[in-house]
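Report on the following structure.
Protein chains in written order, with full-length UniProt numbering: chain A, 1 to 244; chain B, 1 to 244; chain C, 1 to 244; chain D, 1 to 244; chain E, 1 to 244; chain F, 1 to 244.
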């Protein structure tokens with residue numbers, strides 16, 4: 001039987017941990033091969049602590065960030081993690097990177113794609129990553145793009161939670177139960193040594209979303225992750241969502 | 001094993017047919033007992049053809065509308081259809097009717113509730129029905145309301161498609177495959193003898209939503225119904241929705 | 001030939017002057033018989049100056065406001081002005097008043113209806129008047145409401161400019177040239193003796209909307225009024241709107 | 001010198017604690033006399049734990065809830081707490097209660113008013129309370145309402161944080177530093193013995209809003225409360241807001 | 001007398017047919033010279049059927065698409081059709097193409113311009129075309145751009161219907177009667193041999209918009225096209241729109 | 001003591017006058033050193049009157065516009081005015097200009113930044129300027145960008161009033177009292193000799209915003225400027241804003 005796959009497009013090398021670590025671990029546990037693409041190491045915008053050490057250079061910061069991200073990916077059960085190394089603050093997307101992502105869509109044919117919110121006044125790389133990831137998805141669907149490769153179907157796209165959700169006009173319409181994989185997400189979070197100030201913040205986010213997931217269902221859920229689906233959810237039933 | 005249930009709150013006695021007939025038939029086919037509440041017979045606002053016959057009175061129009069609705073319910077496999085007979089254009093909600101609906105929620109404990117859009121500049125009864133149905137749902141959840149009856153959980157609420165969706169600021173985020181039950185929905189539509197001008201209109205709606213459901217998934221779907229979920233969808237997986 | 005008609009539903013007896021005086025005068029000049037309904041005299045909320053006089057009672061304030069409104073109506077060329085006298089701050093709508101407005105729709109069969117914005121955090125009577133006026137319009141369209149009277153068609157509804165447009169989430173999509181009737185509107189404005197502080201305010205509004213109307217067309221327009229259409233504009237051509 | 005005042009309109013007797021406890025304590029500390037109006041004791045909708053005790057009646061639940069609210073008010077330094085006792089789930093507003101609130105506005109002449117969000121699909125009493133509180137504010141401004149009493153000015157209105165902010169389309173644009181009064185708010189929270197499951201939830205809310213307040217300023221803030229201002233903020237300067 | 005003109009900016013060579021064919025034919029019939037600009041042949045994204053033929057190359061697909069578009073243009077009575085050939089999926093706009101469109105605006109001085117919706121999560125070329133077309137319009141209005149050529153006035157801009165309107169946050173506020181030219185539009189649709197699966201889809205769209213146009217007016221309209229006007233409609237009258 | 005500073009990013013050389021002249025003069029009067037950055041002289045899009053003179057070239061228009069802007073800046077008490085000269089209609093932003101603005105943020109460390117609205121269908125340079133100014137602000141906050149320079153804090157950002165506010169989906173939530181500096185703003189306005197048609201327009205804007213500022217407070221304010229804050233306002237008190 002064919003293994004199911006998922007794709008996560010993360011602007012910086014820590015975003016997939018805070019924002020989608022639960023989804024990654026949950027689907028890995030369900031047997032999905034989840035691929036993570038990090039457009040940037042976040043070497044400029046999200047490495048304040050590292051830059052406070054003496055003797056830091058862009059290259060050493062990037063290497064540290066890469067190591068942290070790889071450890072986190074391992075903790076989550078990521079199938080593959082790719083670093084596009086497109087610079088940081090701002091990320092500079094290139095035609096080559098775009099083409100690479102289009103090819104990746106066709107190669108892994110994901111069941112779902114996770115990426116950032118459409119707006120974020122605190123971070124210009126995040127909406128850019130979303131535009132990039134969604135645009136590549138649409139090109140991968142076109143029959144006339146590299147006609148010899150089979151086209152992509154229509155994997156649902158979910159936008160993960162930004163740091164300050166209301167200010168990003170992001171409104172969650174999917175709440176994912178991550179209770180059973182919370183320990184994995186927490187372990188991955190703790191790999192982000194340079195951003196220790198965020199560990200508790202995102203633990204609290206998971207607890208709040210867990211309470212809300214319980215409140216919007218008849219399930220008892222402790223930890224959750226929230227997503228905004230971009231496209232309508234196609235289904236055959238309207239009852240409660242199934243838990244894994 | 002416990003039979004699953006669903007609830008549809010329809011302003012007028014034909015709304016459940018045009019707007020939710022597919023969902024009703026699909027869930028009936030899946031073994032759900034679906035209850036339909038019609039707040040009004042639609043005797044004033046949606047019975048133009050009947051009123052053109054000579055000798056019509058409110059009572060004869062209501063009787064005709066009731067008969068049509070009962071026939072349609074039968075065609076769809078409705079478990080129970082209730083007529084609250086609250087007048088029409090405008091529907092006049094009463095504390096008694098409100099209490100009756102609260103009790104019904106607790107009695108049948110539906111897996112989902114379907115009702116109208118939040119806005120509709122063409123029809124003031126529709127948003128009123130939504131307010132009524134959602135408010136009753138919240139009261140049924142309160143431990144202090146009739147404390148001796150077990151409280152309701154949190155059934156998801158879906159808003160069905162209004163006549164002119166964009167003008168109602170209604171945006172579908174669920175597309176339901178109704179291909180396998182289309183013949184039942186069409187049969188129910190044809191029970192609405194007084195509104196023959198809408199038969200083709202809603203057939204076209206189903207076809208358009210079917211095309212869109214295919215386009216938003218990797219399934220081949222011919223007929224669809226569109227819904228706007230009010231609450232976040234709580235789930236354990238982000239892959240494609242399962243078809244029935 | 002049949003005379004064309006228009007209907008204006010004004011919460012308080014001065015609103016039709018500030019907000020729709022130009023439209024009334026322009027259409028009167030084009031031969032329309034325009035009827036104005038004032039739900040209230042504005043005796044509590046918009047008569048600060050009158051209440052500062054000694055010996056004022058509700059009745060004397062109402063009489064003063066009525067006289068001012070009748071003078072303004074005359075200045076604008078209003079065909080008929082009706083005072084429903086439903087109280088003020090808050091206006092208390094009644095089933096009788098509702099029925100009276102439904103009947104009026106069917107009697108005059110207006111080409112258009114003008115009323116307030118949907119939201120107004122500064123004034124609760126205004127959105128209530130809109131709800132009232134639009135709801136009555138929909139009932140007047142129902143074949144089963146007083147089946148012996150011919151039903152109303154679908155006159156377009158335009159929402160006139162509130163005092164602080166952005167705070168009311170009101171967005172104009174029609175700009176009406178009132179240059180040729182500005183003198184009439186100004187004369188009507190000056191009939192509102194109790195609200196002299198608003199004369200210049202609404203003169204400036206007209207000048208700003210005139211500049212914007214010029215900027216959105218190839219016409220030279222000095223005075224304008226802005227409206228938000230509720231329903232789609234049905235038309236046979238997409239060129240510039242015709243000036244009168 | 002005149003003492004400054006504030007007004008909080010709380011649907012149920014615990015809402016002012018979770019949602020505005022910090023603002024109340026902070027302003028009390030700054031010398032404001034803050035009055036709290038509780039429209040309901042929350043005896044039906046928010047007293048699940050109490051109803052699980054044996055022998056409970058509406059009256060005993062209300063008495064318990066009153067005691068808890070009075071204790072919390074004391075902990076926060078509330079000047080006066082008023083219970084309108086308008087029923088619960090749903091709260092039933094009356095003309096007398098409305099008149100009472102209008103009179104209260106004119107009597108205390110608050111510098112600000114705090115109340116609920118405009119929408120809340122989980123709780124119909126909350127938006128009703130907002131409508132009630134804002135409408136009464138506008139009536140209190142009318143010169144023709146009880147003309148012998150001086151009218152109210154234009155106190156700013158802030159909407160406090162609902163349980164699931166994004167689902168209520170509530171977007172905070174003011175972040176209040178409550179670090180210095182956090183211990184008081186926590187003490188008040190712990191007076192709500194019947195809702196212990198919410199203590200940690202609202203502690204986390206305060207911590208998240210504190211992080212966000214720091215991130216949106218150059219201040220170090222640990223605990224915060226978020227508000228949505230209804231009206232534009234009138235000011236003489238655009239620099240950072242002053243902390244107390 | 002001067003001949004009136006219109007401009008349609010179509011991302012791909014079939015868009016003007018599905019989305020604006022009725023407007024083109026209706027205005028051609030009214031004597032307008034309508035120019036169509038196709039930014040792309042749609043050779044990658046909208047030519048699935050062609051790519052399934054053996055031996056296809058980009059050039060043969062483009063040639064086929066050009067022929068189809070020219071035939072459709074002839075069927076609609078288009079005055080001139082221009083192919084900018086800017087690539088496809090994604091279209092690559094160039095400064096030269098931008099300059100060419102600015103010049104075209106000044107040369108033909110259209111009465112109206114039609115283009116795509118502002119958002120489209122299914123198609124990134126469509127919003128790009130809108131941005132391109134609107135930006136060029138604004139530059140053509142600038143006195144300092146090529147000061148020797150007379151500047152453009154302010155032609156209204158209408159956005160045509162995307163494939164899944166609600167998902168594009170597109171809300172129609174103009175409904176155009178195309179009943180009298182429907183046969184021409186259908187003939188043009190049938191020129192799009194490579195997209196036969198869309199023929200019925202867009203026939204149904206036209207029927208639905210026709211029903212809605214009737215419902216929003218007192219006219220009997222069978223086929224319609226829907227548009228969202230970008231700018232306020234400047235007019236001298238508020239009565240029903242005139243049909244052609 | 002350290003002098004407070006402010007930054008204004010103006011697309012064209014007159015925008016800071018019409019839209020932020022009052023804020024500049026008010027803060028200058030309060031002791032702020034306000035720096036203005038003009039991305040363009042507005043030599044193409046906003047110099048219609050100049051281009052009507054004979055013998056005009058881009059260079060002479062730019063020189064005239066520069067002189068006008070410098071005079072206006074002097075009238076307002078601007079500390080420093082910088083011309084980035086990035087072309088006009090469209091402005092062409094460059095990496096060098098971006099870097100220059102990032103450096104400026106870190107150098108002056110403003111208390112607030114003022115720029116354009118996020119949307120403007122009449123002017124594509126305005127939203128571009130906003131994006132540019134906000135993006136540079138975020139980069140200036142990144143520890144990894146030029147790590148040897150201290151990072152920027154989080155100065156609040158306010159968007160000034162566009163020409164047609166509602167069409168730009170711009171909603172003011174701050175109203176600034178500029179009564180005491182109105183004469184300075186008017187003097188600056190009159191420096192814009194090439195755009196005399198706007199003098200009265202923006203005088204009326206200031207009067208309307210003054211009326212609204214009074215209406216939203218208990219102050220008597222004659223002239224105002226309106227702003228939309230991008231970020232939540234962090235504060236220690238919820239009472240009325242202080243006037244300068």
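Note that beta-carbon positions come from the ideal geometry of N, C-alpha and C, so glycine has one too.
Unbroken beta strand (DSSP E) run spanning residue i, endpoints
i, result
"residue 229 (chain E)", "224-229"
"residue 113 (chain A)", "113-115"
"residue 54 (chain F)", "Neither: residue 54 (chain F) is in no beta strand (DSSP E) and is coded neither H nor E."
Proximal chain E residues relative to residue i, where beta-carbon distance stays under 8 Å
i, result
"residue 215 (chain C)", "154"
Continuous alpha helix (DSSP H) stretch holding residue i: start and end
i, result
"residue 189 (chain F)", "182-191"
"residue 233 (chain F)", "Segment 233-235 is the beta strand (DSSP E) holding residue 233 (chain F); no alpha helix (DSSP H) there."
"residue 22 (chain F)", "15-29"
"residue 210 (chain E)", "199-215"
Buried or exposed (CB count within 10 angstroms, at least 16 for buried), residue i
i, result
"residue 55 (chain F)", "exposed"
"residue 31 (chain A)", "exposed"
"residue 46 (chain C)", "buried"
"residue 242 (chain C)", "exposed"
"residue 240 (chain C)", "buried"
Residues that residue i contacts on chain A, provided the C-beta gap is smaller than 7 Å
i, result
"residue 145 (chain F)", "44 and 89"
Beta-carbon neighbours of residue i, restricted to chain D and to distances below 7 Å
i, result
"residue 171 (chain A)", "166"
Supposed contact pair residue j and residue i - C-beta distance, whole angstroms, cut 8 Å
i, j, result
"residue 177 (chain D)", "residue 236 (chain F)", "5 Å"
"residue 130 (chain F)", "residue 115 (chain F)", "5 Å"
"residue 17 (chain C)", "residue 37 (chain C)", "Going by Cβ atoms, the distance from residue 17 (chain C) to residue 37 (chain C) rounds to 14 Å, so no, they are not a contact pair."
Chain-ordered neighbours of residue i on chain D, where CB pairs are closer than 8 Å
i, result
"residue 195 (chain A)", "Within 8 Å Cβ-Cβ: nothing; residue 195 (chain A) doesn't reach chain D, min ~13 Å."
Minimum Cβ-Cβ distance from residue i to chain F less than 8 Å
i, result
"residue 26 (chain D)", "yes"
"residue 211 (chain C)", "yes"
Neighbour flag for residue i against chain C, beta carbons, 8 Å
i, result
"residue 126 (chain E)", "no"
"residue 76 (chain E)", "no"
"residue 176 (chain E)", "yes"
Amino acids of chain E, ordered along the chain, whose beta-carbon sits closer than 7 Å to that of residue i
i, result
"residue 204 (chain B)", "204, 207 and 208"
"residue 130 (chain C)", "The contacting residues do not exist; residue 130 (chain C) stays about 16 Å from chain E at best."
Chain A within 8 Å of residue i, Cβ atoms only
i, result
"residue 47 (chain E)", "yes"
"residue 234 (chain B)", "yes"
"residue 230 (chain F)", "yes"
Closer than 8 Å to chain B by CB, residue i
i, result
"residue 227 (chain E)", "no"
"residue 219 (chain E)", "no"
Proximal residues of chain E, C-beta to C-beta of residue i below 9 Å
i, result
"residue 201 (chain B)", "207, 208 and 211"
"residue 139 (chain A)", "44, 45, 89, 90 and 124"
Cross-chain neighbours of residue i in chain A, by beta carbon under 9 Å
i, result
"residue 3 (chain F)", "Going along chain A, no residue has its Cβ under 9 Å from residue 3 (chain F), so there is no contact; the nearest lies around 28 Å."
Under 7 Å by beta carbon: chain B residues contacting residue i
i, result
"residue 133 (chain C)", "Simply none; closest approach about 12 Å."
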